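Under the working numbering, the letters of the first sequence match residues 13 to 323, in that order. Reviewing the structure listed below.
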Amino acid sequence: MLKGADDVLMEHEDSASQHGEMTNWDINDIKLPQDVRQIDGFQEWPDSYVKHIYSSEDKNAQRHHSSWAMRNTNNHNSRILKKSCLGVVVCGNDCSTLDGRKIYLRPAICDKARQKQQRKCCPNCSGPLRLLSCRGHGGYPVTNFWRHEGQFIFFQSKGAHDHPRPETKLEAEARRSIQKAQTAFSPSSPRLQRIQEIESLTGAVPTQEALPLLLSKPDAYPLPDNFRGHISKSSRELVLGSCSGWLPYSRTGEDMGSGEGGPCPMASGTQHHGQLSAPLKGSEGHEGEGGRHVGLNYCNDDVFFNLYPLR
DNA sequence: TCATGCGGGCGAC
DNA sequence: GTCGCCCGCATGA
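Given below as structure tokens:
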């Protein structure tokens with residue numbers, strides 16, 4: 013369907029050196045190169061018409077991981093896994109946080125979960141959420157292809173994302189963990205009562221078992237090259253600064269405290285906890301943005317998380 | 001509950 | 001035939 017455009021772009025791609033690896037192959041080739049001299053470090057944010065060859069030992073590659081929200085697409089070819097980009101969930105009111113950041117949530121991959129997510133409201137302004145579809149591949153979503161061949165995992169991306177980066181899977185997972193912690197620490201929970209009891213007896217504040225916290229670092233969220241011209245600087249600087257509100261990408265609707273549809277008043281009932289950190293499982297990327305930390309600075313209608321002062 | 005992968009099926013081109 | 005997309009199902013975390 014879009015082959016003509018692809019071919020043109022492939023030429024461009026082939027002429028460009030990508031870390032020096034072989035790129036004169038296509039994911040649909042009957043035979044893929046096996047004399048690969050150099051394998052790539054895992055790319056968390058592949059964009060544009062790129063190809064990568066990963067080691068079959070690479071855990072991220074094995075999982076066909078991407079920080080873009082990619083859903084499985086049936087291409088009726090069991091040898092090649094195809095995924096298409098779901099875009100990003102934004103605030104329908106195009107609101108900004110107090111420090112000028114936009115809301116870029118990660119679309120749920122599961123269709124039902126995504127529908128549910130879109131019924132939720134913006135955690136910043138309580139406005140409607142809107143799914144900003146990816147149309148970076150000739151008007152269709154960017155597609156990623158994965159193929160396991162011998163010792164290597166071949167990756168090919170077609171299209172250039174025309175939308176901001178959503179929060180990463182890791183961040184979304186962290187938010188879920190935090191929500192679980194919130195539930196456990198809700199004011200009426202026996203667990204919290206127990207902690208308060210301990211606190212009153214000992215004067216000590218129990219350190220958290222493992223509330224996940226990821227700390228952001230500047231420039232952790234560069235936008236796709238093709239998007240940089242379209243948004244403001246403040247939107248680009250999606251890093252956590254002051255405790256003016258909450259995290260840059262915000263949380264998804266699933267994390268809105270009591271579930272269905274509740275608006276998100278800003279940080280009511282905020283409790284302050286010490287800064288916590290916990291290593292995240294997995295190895296998000298081997299280079300570049302990999303292994304970064306994410307600031308979580310939550311407003312929350314239930315409990316806390318306006319709480320982690322940044323360094 | 002949700003992410004992920006698989007595969008049937010449909011319509012457009 | 002290829003591609004995009006919908007759907008349901010299964011599995012695992």
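Where is the CB? At the ideal position from N, CA and C, for every residue including glycine. Predicted model, so just to flag it, every value in this text is computed and none were measured.
CA-to-CA distance, residue j to residue i, given in whole angstroms
i	j	result
Thr-155	Ser-108	30 Å
Arg-91	Arg-159	6 Å
Gly-63	Phe-164	Correcting the residue identity first, residue 63 is Lys in this sequence and not Gly. Each residue's Cα considered, the two are about 13 Å apart.
Thr-214	Ser-68	Note that Thr-214 scores a pLDDT of 38, beneath 50, so its modelled location is shaky and nothing firm can be said.
Pro-236	Ile-121	Any reading at Pro-236 needs caution, since the residue's pLDDT is 48, under 50, leaving its predicted position unreliable; the model's value is listed next. Taking the straight line from one Cα to the other gives about 21 Å.
Gly-294	His-77	Low per-residue confidence applies at Gly-294: pLDDT is 34, beneath 50, and the placement is therefore not dependable enough to give any value.
Pro-58	Leu-110	30 Å
Lys-114	Asp-174	16 Å
Asp-70	Asp-52	10 Å
Thr-85	Gln-168	14 Å
Gln-50	Glu-161	15 Å
Pro-199	Ala-172	Note on Pro-199: pLDDT 47, under 50, position unreliable in the model; the coordinate value appears next. Their backbone Cα atoms lie some 46 Å apart in a straight line.
Cys-134	Glu-183	17 Å
Gly-151	Asp-38	22 Å
Pro-176	Pro-45	34 Å
Asn-72	Phe-54	7 Å
Lys-132	Lys-124	13 Å
Ala-186	Phe-157	27 Å
Lys-43	Cys-97	27 Å
Phe-166	Gln-129	32 Å
Pro-119	Ser-189	17 Å
Gln-74	Gly-112	37 Å
Tyr-116	Leu-143	10 Å
Where the beta strand (DSSP E) containing residue i begins and where it ends
i	result
Arg-159	155–161
Lys-63	63–67
Arg-83	82–85
Gln-130	No beta strand (DSSP E) holds Gln-130; the alpha helix (DSSP H) holding it covers 123–131.
Lys-170	164–170
Leu-93	92–97
When the options are compared against residue i, the one with the closest alpha-carbon
i	options	result
Thr-180	Glu-56, Gln-163, His-88	Glu-56
Pro-178	Trp-80, Gln-50, Gln-163	Trp-80
Met-82	Ser-145, Gln-46, Gly-53, Lys-132	Ser-145
Asn-36	Tyr-61, Ala-125, Gly-53	Tyr-61
Val-48	Gln-130, Ile-65, Gln-127	Ile-65
Gly-99	Phe-54, Arg-126, Asn-87, Gln-74	Arg-126
Lys-95	Asn-40, Pro-45, Pro-153	Pro-153
Lys-170	Gly-148, Ser-189, Pro-176, Glu-185	Gly-148
His-88	Asn-40, Glu-185, Ala-186	Asn-40
N- and C-terminal bounds of the alpha helix (DSSP H) containing residue i
i	result
Asn-72	71–74
Bridge-paired residues (DSSP) for residue i
i	result
Cys-137	According to DSSP, Cys-137 bridges with nothing at all.
His-149	Tyr-152
Arg-142	Val-102
Ser-7	A query on residue 7 cannot be resolved here, the shown segment of the chain reaching from 13 to 323 and no further.
The ligand GDP heavy atom lying under 7 Å from the CB of residue i
i	result
Arg-75	In the structure shown, the ligand GDP is absent, as is every other ligand, since no ligand is present at all.
Note to self: Check whether the stretch 132–142 and the stretch 91–105 touch, using three or more Cβ-Cβ pairs below 8 Å as the test.
What the structure shows: yes
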